[in-house]
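*Asks:* Those protein sequences? They're chains E and R, same order as listed. For the first sequence, my numbering gives the first residue as 35, with consecutive numbering after it. For the second sequence, my numbering gives the first residue as 7, with consecutive numbering after it. Even glycine gets a Cβ: it sits at the ideal position worked out from N, Cα and C. If you're wondering where the values come from, they're calculated on a predicted model, not measured in any experiment. Below is the structure I would like to discuss, written out as structure tokens.
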Amino acid sequence: MDILLLILIIPFVFGVVMFLMPLNFKFLQKLHILMSITVSAVLLSAVSKIVNGAELSLFHNFIFLDSLGAIFLSLIAITGLLVNIYATTYMKWELEDGHISLKEVKNYFALSFIFTWTMSLSVLCNNIAFMWAAIEATTLASVFLVAVKNDKKSTESGYKYIVLCSIGLAFALYATILLYSAANGKIEGEAMLYTNLLANAASLDPMALKLVFIFALIGFGTKAGLAPTHTWLPDVHAEGPAPTSALLSGVLLKCAMLGLIRYYAIVANGVGFDFVQSVMIISGTLTLFVSAFFLIRQHNVKRMFAYHSIAHMGVIAFGLGVGGAIGLFAALFHCAAHSFTKALAFCSTGNIARIYGTKDMTKMGSMIRIAPLTAVLFGIAICSLVGVPGFAIFVSEFLIFKAAAIGEQYILMGIFAVALAIIFIADFSHFFLASFGKVEGKVEHNGEMKLSENLPLIALAILIVSFGIWQFDSFTFLLNESVKTIIKQ
Amino acid sequence: MANIIDILTVLMMGTSFAVFGLRQYRHSIIAYALQTLLLVTIFLALYVKYGSHELLVWSITAFIIKVVIVPLYLLSLVKKLGVVVEDEPVGGFFISPVVALSFSLAVAMMFYKVFIHFSIFKDALPLFAASFIFMMGIFGFILRTSFIKQILSYCLFENGIHLSLALMAYTSHELVEVGILTDAVFAVIIMSILAKRFYASYGSLDTSKAVNLRG
């Protein structure tokens, strides 16, 4: 069977199967891990075909996988798998503490496959309207991963999530309709297909394209967490269970960013790169400074990381704004680096919340003594998030500086450096407070998690360091191919 | 034919104001069903005019889902919750429709002039109506604090988008409409479940009470 067809079928079927399973936690746990591994293996097998130069498409090019899609599909596969494995441990704790019922755990596992399915679909759609529908479906599939409990805060976060993302994405749908309308009859072939639109971008009305890009930025930018429409993100990421936050921040935001990057490519090739770069610089700078400001004030560890997600979406936007082959390479690399880093960051907050019974960092302390491994993992996440050399995010941030230097955009370099410096100071002060300070509150679980429970986190940490030190040829190939497609070298 | 479409779109604008402004949930939902019926009629009128097979498929699916299923579902939700009249909106029952109407008219005036440059359908009034209905939906979210009214606002801007889709992109694949409609149905169902939970937690549908997560 065609590999793309398998991707379209398997996660959905697994989600339905999980819904039908009996309420036995050990069984559900094993099944969840097994099915997650299967899904990831299928996704990665499609990615490997792209790395080997294959061209994958289905239903007359309605569904396709290009190198750009392959980057994001590999994030769904790798980050998704590790977070899903950690989720079984996290749910076990929640179940033991009586915070959640077994039925809710089963629903969570089942919905996580539906969520993976919608995210994969959003990556694979060549039809831009269907891509929009898939991205909207990711919101719908993940609402009850966020609002997993039946209490006030959970309901409120679910409400904010669906309402704000749906309003935002409505603008993206308008962008889709306008783009189709502007292209229909003026380009060769079906005007709803991204590949056709990109190939014929130069023949489209420049004014229409500019308007389309502004609508797309509002729409996908809302979902991706770009300021000023980022307001849903801290509430939702902070309130959901740790694995949900990891999935939302690590993978979902990137899927919305992919939607925006596809529009970026079309519009840049239609009206020139200056316009899209200027718009992305404004968006990126605004996002970076808004998030840096809120980041300093946060003491809730999950809210802090949520503002971090916004900041790093700002970094990606900034990379797209600086532009050029290196800037685009950096922005795409940052998507992967941030995915692994943020997954580790949010998963480690699961451990931390279990140890202290709170998310307030002012009540933590001595983590290095209580749970040394968790403290180290937390430290690795922080080091990467602030761009310490040797960790994945440093690579992309350094490349953005390099791209700006080559383009002699010294003012942009200064702005970027100031924003990163604020984030750096805010993060390390919080990290030292939690890891080395005195315990101000109480310690509910005085000890480290089991090694087996920390394995997915260790794997994420290894990925972060590996991507910071080594160059993976297959991944670099995908990045270079994607950059070539966008700037048509 | 253009005259009929003009009349139908003006009627859609009127119903969008009714969905927004009527205080009783039942009346608002019925106004929404009526508006969607007008939308389906426009799909059919455009089908007759352009012979686009896609519009026929859209009209059938939209009728089943948006004229029948969604309004019935919302009516049963209102009945289950036992709510009749919505809570006081932002600015009050008189001011909020005036604000929404004037701003929606202003934004639509701006948008339709841009849209008409590259729309397949070149008649100004329907394009104006599509933007107006979309904006009424957006203002519904901003100004009406009732959860049910916000679900209806979602449905409203959905209808605005569908009208734009029919006017500007009716030659696109049938599956596009089906995909968007499926999303809309699931969104309404999910929002309804959250509305039930919200009512159970807060004892009201007033979303301005949702302030637990601010900061």
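Identify the contact partners of Y208 of chain E in chain R, using a Cβ-Cβ distance below 8 Å as the criterion.
*Replies:* Taking the first residue of the first sequence as 1, we reach residue 208 of chain E at position 174. Near Y208 of chain E (Cβ distances below 8 Å), the residues of chain R are F140, I167, S170.
*Asks:* So is F1 of chain R in contact with chain E if we call contact Cβ pairs under 8 Å?
*Replies:* A question about residue 1 of chain R goes unanswered here, because the residues of chain R that appear run from 7 up to 221.
*Asks:* Closer than 7 Å, Cβ to any Cβ of chain E: which residues of the segment 77-111 of chain R, in chain order?
*Replies:* Against chain E - using a Cβ distance shorter than 7 Å - the segment 77-111 of chain R contributes no residues.
*Asks:* When DSSP labels each residue in this structure, what does N527 of chain E get in the three-state scheme?
*Replies:* Outside the shown range of chain E (35 to 523) lies residue 527 of chain E, about which nothing can therefore be said.
*Asks:* Please name the residue or residues paired with I97 of chain E in a DSSP beta bridge.
*Replies:* Residue 97 of chain E sits at position 63 when you count from the first residue of the first sequence. Answer is E:L92, E:C159.
*Asks:* Which residue or residues does DSSP assign as beta-bridge partners of V91 of chain R?
*Replies:* Residue mapping note: residue 91 of chain R aligns to position 85 of the second sequence, counting from 1. Bridge partners of V91 of chain R: R:Q30.
*Asks:* Drop a sphere of 10 angstroms on the beta-carbon of S79 of chain E, count the other beta-carbons inside from all chains shown, and report buried for 16 or more, exposed for fewer.
*Replies:* As a first step, residue 79 of chain E must be located in the first sequence, where it is residue number 45. Exposed: under 16 other Cβ atoms inside 10 Å.
*Asks:* Could you spell out where the alpha helix (DSSP H) holding L213 of chain E opens and where it closes?
*Replies:* Numbered from 1 along the first sequence, position 179 holds the residue referred to as residue 213 of chain E. Note, L213 of chain E: alpha helix (DSSP H), 186-217.
*Asks:* Verify the CB distance criterion: does F458 of chain E have a CB-CB separation below 8 Å to chain R?
*Replies:* By one-based count along the first sequence, residue 458 of chain E stands at place 424. Not an interface residue.
*Asks:* Quick one: what does DSSP say L227 of chain E is sitting in, helix, strand or coil?
*Replies:* Taking the first sequence and counting its residues from 1, the one referred to as residue 227 of chain E is at position 193. Note: L227 of chain E maps to strand in three-state DSSP.
*Asks:* Please classify N58 of chain E: does DSSP put it in a helix, a strand, or coil?
*Replies:* By one-based count along the first sequence, residue 58 of chain E stands at place 24. N58 of chain E falls in the coil class under three-state DSSP.
*Asks:* Under DSSP, the alpha helix (DSSP H) around T375 of chain E begins and ends at which residues?
*Replies:* Indexing the first sequence from 1 puts residue 375 of chain E at position 341. Note, T375 of chain E: alpha helix (DSSP H), 358-390.
*Asks:* Is S198 of chain R close to chain C, meaning its C-beta is less than 8 Å from at least one C-beta of that chain?
*Replies:* This model lacks chain C altogether, as its protein chains are E and R.
*Asks:* Please report how far the alpha carbon of I201 of chain E lies from the alpha carbon of I144 of chain R, in whole angstroms.
*Replies:* The residue you call residue 201 of chain E lines up with position 167 of the first sequence. The residue you call residue 144 of chain R lines up with position 138 of the second sequence. Roughly 7 Å between the two C-alpha positions.
*Asks:* So V180 of chain E contacts chain R; which residues on that side make the cut at Cβ distance below 8 Å?
*Replies:* Counting from 1 along the first sequence, the entry for residue 180 of chain E is found at position 146. Neighbours of V180 of chain E on chain R: none; closest Cβ ~11 Å, over 8 Å.
*Asks:* Pull up the distance between the alpha-carbon of A370 of chain E and that of H264 of chain E, whole angstroms please.
*Replies:* As a first step, residue 370 of chain E must be located in the first sequence, where it is residue number 336. As a first step, residue 264 of chain E must be located in the first sequence, where it is residue number 230. Distance between the alpha carbons of A370 of chain E and H264 of chain E: 21 Å.
*Asks:* Identify every run of the alpha helix (DSSP H) within the segment 405-461 of chain E, keeping only runs that are complete inside it and at least 4 residues long; order them along the chain.
*Replies:* Runs found: 406-420, 426-440.
*Asks:* Ignore the nearest five residues each way along the sequence and tell me which others in A144 of chain E's own chain have a CB closer than 6 Å to its CB.
*Replies:* Taking the first residue of the first sequence as position 1, residue 144 of chain E is located at position 110. Cβ within range, chain order: G49, M52, F53.
*Asks:* Would the segment 356-365 of chain E and the segment 430-437 of chain E be scored as touching if the rule is three or more Cβ pairs under 8 Å?
*Replies:* Yes, since at least three Cβ pairs between the segment 356-365 of chain E and the segment 430-437 of chain E fall closer than 8 Å, the two stretches touch.
*Asks:* So S126 of chain E contacts chain R; which residues on that side make the cut at Cβ distance below 7 Å?
*Replies:* Stepping through the first sequence from its first residue, residue 126 of chain E is reached at position 92. The identity of residue 126 of chain E in the sequence shown is Lys, whereas the question assumes Ser. The premise fails here: K126 of chain E is roughly 25 Å from chain R at the closest Cβ pair, so nothing lies under 7 Å.
*Asks:* Within the continuous alpha helix (DSSP H) that includes G156 of chain R, where are the two ends?
*Replies:* The count along the second sequence starts at 1 and reaches residue 156 of chain R at position 150. It is Gln, not Gly, that sits at residue 156 of chain R in the sequence shown. Unbroken alpha helix (DSSP H) run through Q156 of chain R: 153-174.
*Asks:* For F98 of chain E, which residues of its own chain have a beta-carbon under 6 Å away from its beta-carbon, when the five flanking residues on both sides are left out?
*Replies:* Counted from its first residue, the first sequence places residue 98 of chain E at position 64. Counting only Cβ-Cβ distances below 6 Å, and skipping sequence neighbours, we find S91, N160.
*Asks:* Are F149 of chain E and A175 of chain E touching if we call contact CB-CB under 8 Å?
*Replies:* Start at 1 with the first residue of the first sequence, and residue 149 of chain E comes out as number 115. Start at 1 with the first residue of the first sequence, and residue 175 of chain E comes out as number 141. Closer than 8 Å, so yes.
*Asks:* Which chain R residues sit within Cβ distance under 8 Å of L245 of chain E?
*Replies:* Taking the first sequence and counting its residues from 1, the one referred to as residue 245 of chain E is at position 211. The contacting residues are V120.
*Asks:* Closer than 8 Å by beta-carbon distance: list the chain E residues that pair up with F192 of chain R, in chain order.
*Replies:* As a first step, residue 192 of chain R must be located in the second sequence, where it is residue number 186. Within 8 Å Cβ-Cβ: A171, L174.
*Asks:* Quick one: Cα of V85 of chain E to Cα of F509 of chain E, how far?
*Replies:* Against the first sequence, residue 85 of chain E aligns to sequence position 51. Against the first sequence, residue 509 of chain E aligns to sequence position 475. Cα-Cα distance, rounded: 8 Å.
*Asks:* On a Cα-Cα basis, can you pick out the residue from E:L213, E:A460, E:L245 that is closest to L232 of chain E?
*Replies:* Working through the first sequence from its first residue, we reach residue 232 of chain E at position 198. Nearest option by C-alpha distance: E:L213.
*Asks:* With DSSP as the reference, please indicate the residues paired to D129 of chain R in a beta bridge.
*Replies:* Here residue 129 of chain R refers to the residue found at position 123 when the second sequence is read from its first residue. BP columns for D129 of chain R are empty, so no partner.
*Asks:* With H66 of chain E and N118 of chain E assumed to form a contact (beta carbons below 8 Å), what rounded beta-carbon distance in angstroms separates them?
*Replies:* Counting from one through the first sequence, the residue named residue 66 of chain E turns up at place 32. Counting from one through the first sequence, the residue named residue 118 of chain E turns up at place 84. 7 Å between Cβ atoms; contact.
*Asks:* Leaving aside the five residues before and after L329 of chain E along the sequence, list all residues of the same chain whose C-beta is less than 8 Å from its C-beta, in chain order.
*Replies:* Position 295 of the first sequence, counting from 1, holds the residue named residue 329 of chain E. Cβ within range, chain order: M338, Y341, H342, A345, I456, I457, A460, D461.
*Asks:* When the Cα of E164 of chain R is compared with those of R:S22, R:P95, R:R29, which residue comes out closest?
*Replies:* Stepping through the second sequence from its first residue, residue 164 of chain R is reached at position 158. Nearest of R:S22, R:P95, R:R29 to E164 of chain R, Cα basis: R:S22.
*Asks:* Going by CA-CA distance only, name the one from E:L491, E:L109, E:N385 that's closest to W127 of chain E.
*Replies:* The residue labelled residue 127 of chain E in the question sits at position 93 within the first sequence. The candidate whose alpha carbon is nearest that of W127 of chain E is E:N385.
*Asks:* As a quick exercise: from R:V63, R:G57, R:F69, pick the residue whose alpha carbon is nearest that of A39 of chain R.
*Replies:* The residue you call residue 39 of chain R lines up with position 33 of the second sequence. The shortest C-alpha separation from A39 of chain R is found at R:F69.
*Asks:* Less than 8 Å between the beta carbons of P240 of chain E and G304 of chain E, yes or no?
*Replies:* To locate residue 240 of chain E, count along the first sequence from 1; it is residue 206. To locate residue 304 of chain E, count along the first sequence from 1; it is residue 270. For P240 of chain E and G304 of chain E, yes; Cβs fall inside 8 Å.
*Asks:* Helix, strand or coil for N303 of chain E? Go by DSSP, reduced to three states.
*Replies:* Taking the first residue of the first sequence as 1, we reach residue 303 of chain E at position 269. The answer is helix: DSSP assigns N303 of chain E an H, G or I state.
*Asks:* Could you have a look at D131 of chain E and say whether DSSP puts it in helix, strand or coil?
*Replies:* Position 97 of the first sequence, counted from the start, is the residue given in the question as residue 131 of chain E. In this structure, D131 of chain E counts as coil in the three-state DSSP scheme.
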